[in-house]
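Asks: Attaching a single structure in structure tokens format; questions to follow.
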Amino acid sequence: MKITLNHTEETLEKENISISDLMAYKNFTFKMLVVKVNGEFIPKTKYKETTVSDGDDVIILHLMSGG
Amino acid sequence: MINNPEEVLRMNTFEKIKAHLSHKTVGIAGCGGLGSNCAVALARVGIGKLIIADFDVIDLSNLNRQYYFFDQIGKKKCVALKENIQRINPDVITESHDIKLHPADILSLFYSCDIIVEAFDLAEMKEMIIETVLTEMPHTPLICGLGMAGWGMNAQIHSHNIDNLYICGDEATEISPECPPLAPRVGIVANMQANVALELLLKDMI
Numbered sequence: 001m002k003i004t005l006n007h008t009e010e011t012l013e014k015e016n017i018s019i020s021d022l023m024a025y026k027n028f029t030f031k032m033l034v035v036k037v038n039g040e041f042i043p044k045t046k047y048k049e050t051t052v053s054d055g056d057d058v059i060i061l062h063l064m065s066g067g
Numbered sequence: 068m069i070n071n072p073e074e075v076l077r078m079n080t081f082e083k084i085k086a087h088l089s090h091k092t093v094g095i096a097g098c099g100g101l102g103s104n105c106a107v108a109l110a111r112v113g114i115g116k117l118i119i120a121d122f123d124v125i126d127l128s129n130l131n132r133q134y135y136f137f138d139q140i141g142k143k144k145c146v147a148l149k150e151n152i153q154r155i156n157p158d159v160i161t162e163s164h165d166i167k168l169h170p171a172d173i174l175s176l177f178y179s180c181d182i183i184v185e186a187f188d189l190a191e192m193k194e195m196i197i198e199t200v201l202t203e204m205p206h207t208p209l210i211c212g213l214g215m216a217g218w219g220m221n222a223q224i225h226s227h228n229i230d231n232l233y234i235c236g237d238e239a240t241e242i243s244p245e246c247p248p249l250a251p252r253v254g255i256v257a258n259m260q261a262n263v264a265l266e267l268l269l270k271d272m273i
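As you go down the protein sequences, you meet chains C and Y in turn.
Counted the way our numbering counts, the first sequence spans residues 1 to 67.
Counted the way our numbering counts, the second sequence spans residues 68 to 273.
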């Protein structure tokens, strides 16, 4: 399937994937994150049960300290 | 307040900007490097009202980037920032809150704001306000500062948006003992946040 991840097209072998598996696959190890799928905010508690499918627009924003 | 169309025609652009901004309110969550510099930029251009919040006290180590003065060390940041804003532009109404913000406070303090500026230092606080605003106040633009530690690397600093969530910074550098936050890059990002706020607030200017 093809998804858009952080504005870049990405091809994955699977037909769908959970947010947590996608993060593990991409090596996104940051603790502080903001996730949106097709414009909808996904809370941390739903990373395992939320699946990403073909054509989805996924934003995974890394948050770092500083200000 | 200026409502007479003939008077509007006679005003120069900056007068129009000031007249337009005088009806606008911006909430600033945190009065450190991002919050103090962003608040001052918005005060200079004539924002009507600022709602600022912070629980911290000014320390000597803050003066390498935060908009405070040596003789303000030991003062509450929310109090000192209000003083500094008043000295720059006494027309700005500043509502100052001495508080460590939690989700419920963000809703109660910032509900009337046209825009909210995220100006925390810690990533977990940034996450908290983004979650709160995206889920509870999705129609209010939130402008975040992400990644501004160190020095140089001007070209890495950028801004973009995901719907109503605006990001300013390099989205890469994290503060550490080897990569401290310093006035130039923190100031750039804070002023970039003010610039995004201005862009959004002036969209409907006549």
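Using N, Cα and C, we set each Cβ at its ideal position, and we do this for glycine too.
Since this is a predicted model, take the numbers as computed values, not measurements.
Using the rule of at least 16 other Cβ atoms within 10 Å of the residue's Cβ for burial, across every protein chain shown, is Arg132(Y) buried or exposed?
Replies: buried
Asks: My guess is that Tyr135(Y) and Ile119(Y) are in contact by the Cβ rule of under 8 Å, so how many angstroms apart are they, rounded?
Replies: Actually they do not touch by this definition, with Cβ atoms about 13 Å apart.
Asks: Which residue from Cys105(Y), Lys83(Y) and Gly217(Y) puts its Cα closest to that of Gly97(Y)?
Replies: Cys105(Y)
Asks: Could you check if Cys145(Y) is buried or exposed, using at least 16 other CB atoms within 10 Å of its CB as the buried criterion?
Replies: buried
Asks: Just grab the DSSP bridge partners of Asn228(Y) for me.
Replies: Tyr233(Y)
Asks: For Ala147(Y), which residues in the same chain have their Cβ closer than 7 Å to its Cβ, ignoring the five residues on either side in sequence?
Replies: Ile125, Tyr135 and Gln139
Asks: Could you list which residues in chain Y have their beta carbon closer than 7 Å to that of Lys36(C), in chain order?
Replies: Ile229
Asks: Buried or exposed for Met220(Y), please, with buried defined as at least 16 other CB atoms from any protein chain shown within 10 angstroms of its CB.
Replies: Exposed, since its Cβ has fewer than 16 Cβ neighbours within 10 Å.
Asks: What is the C-beta distance between Glu15(C) and Met1(C), in whole angstroms, given that I count them as a contact (C-beta under 8 Å)?
Replies: 6 Å
Asks: If I follow the unbroken beta strand (DSSP E) through Lys36(C), where does it start and stop?
Replies: Leu33 to Val37
Asks: Pull up the CB-CB distance for Ile182(Y) and Ile160(Y), whole angstroms please, since I reckon it's below 8 Å.
Replies: So it is not a contact: roughly 16 Å between Cβ atoms.
Asks: Any Cβ of chain C within less than 9 Å of the Cβ of Met78(Y)?
Replies: no
Asks: Of all the residues that make up the region 1–24 of chain C, which are near chain Y by a beta-carbon distance shorter than 8 Å?
Replies: none
Asks: What is the C-beta distance between Gly39(C) and Asp230(Y), in whole angstroms, given that I count them as a contact (C-beta under 8 Å)?
Replies: Right, the Cβ-Cβ distance comes to about 6 Å (below 8 Å), so this counts as a contact.
Asks: Is the number of C-beta pairs between the region 197–215 of chain Y and the region 258–266 of chain Y that are closer than 8 Å three or more?
Replies: yes
Asks: Report the option in Val200(Y), Glu198(Y) and Gly254(Y) whose CA atom is closest to the CA atom of Gly217(Y).
Replies: Gly254(Y)
Asks: Using 10 angstroms around the beta-carbon of Gly141(Y), count the other beta-carbons present and answer buried if the total reaches 16, otherwise exposed.
Replies: exposed
Asks: What residue range is occupied by the uninterrupted alpha helix (DSSP H) comprising Gly219(Y)?
Replies: Careful: Gly219(Y) lies outside any alpha helix (DSSP H) and carries neither H nor E.
Asks: Can you tell me the Cα-Cα spacing of Glu9(C) and Ile3(C), whole angstroms?
Replies: 6 Å
Asks: Looking at chain C, is there any beta carbon in it that lies within less than 9 Å of the beta carbon of Val263(Y)?
Replies: Taking Cβ atoms only, chain C never reaches closer than 9 Å to Val263(Y), which makes this a no.
Asks: Let me confirm a value: Met259(Y) is counted as buried when at least 16 other C-beta atoms fall within 10 Å, else exposed. Which label applies?
Replies: buried
Asks: With a threshold of 8 Å (Cβ to nearest heavy atom), would Ile173(Y) be considered close to the ligand ATP?
Replies: In the structure on display, the ligand ATP does not appear, and there are no ligands present to speak of.
Asks: One question on the structure: do Phe187(Y) and Gly99(Y) come within less than 9 Å of each other, judged by their Cβ atoms?
Replies: yes
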